[in-house]
């Protein structure tokens with residue numbers, strides 16, 4: 011519509027909760043509050059631009075003055091999506107001050123295994139969370155989530171998303187800029203092993219937050 015793409019989705023009436031009202035001129039519009047927005051991204055990571063950005067958003071959420079982890083649990087219970095508890099618990103385990111939230115998610119795990127991100131390859135089963143995760147998402151010895159590694163495919167997909175050709179991002183300064191803009195919530199990126207896209211052809215080519 012007028013050059014803008016919209017994604018429409020049918021939802022059950024019971025899932026219409028966690029909204030607030032804003033005015034667009036004379037039109038009253040219902041939008042999700044920050045807790046519902048976070049839960050929606052955990053239910054469908056593609057809504058938040060993929061699980062990596064969802065993780066960044068969760069970091070920002072925890073720093074927000076309106077953050078309310080118990081509210082996340084209540085919303086997730088209302089939504090009745092077991093994958094939300096698995097993803098939320100896994101991601102929250104990286105934050106030492108979120109132990110109550112992690113335990114609340116753990117006590118609500120449903121049967122079956124979910125994917126951390128349905129659009130990423132499932133290469134490793136995290137049995138604690140009944141969650142398939144890509145190998146680029148490392149774990150600490152204590153079993154807590156670490157910041158993920160970025161592999162070649164993800165970096166090239168990011169370049170494509172911002173309309174840059176692979177040969178353009180072979181320049182180190184362009185690559186540095188891409189790594190910076192890929193983390194909109196301010197999570198720093200650290201180049202690990204190599205600093206050019208041309209060198210990303212090897213299977214061990216990785217970037218780390």
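Residue numbers (the working numbering): 11 to 219.
From the three backbone atoms N, C-alpha and C, an ideal C-beta is built for every residue, glycine too.
Residue 131 versus residue 61: straight-line alpha-carbon distance, rounded
Cα-Cα distance, rounded: 12 Å.
So which of 65, 44, 143 has the shortest CA-CA distance to residue 74?
For the options 65, 44, 143, the alpha carbon positioned closest to that of residue 74 is the one of 44.
On the DSSP bridge list, what partners appear for residue 125?
142
Quick check: the stretch 123-130 against the stretch 75-87, are there 3 or more CB pairs under 8 Å?
no
With 16 other Cβ atoms within 10 Å as the buried cut-off, status of residue 103
buried
Taking just the CA atoms, how far does residue 120 sit from residue 128?
17 Å
Where the alpha helix (DSSP H) through residue 64 begins and ends
61-73
Coil, strand or helix - residue 38 by DSSP
strand
If you draw a straight line from the C-alpha of residue 23 to the C-alpha of residue 142, how long is it?
Rounded to whole angstroms, residue 23 and residue 142 show a C-alpha spacing of 30 Å.
Can you tell me whether residue 101 is helix, strand or coil according to DSSP?
helix
Cutoff 8 Å; reference residue 144; Cβ partners in own chain excluding five residues on either side:
126, 127, 130, 131, 132, 133, 134, 158
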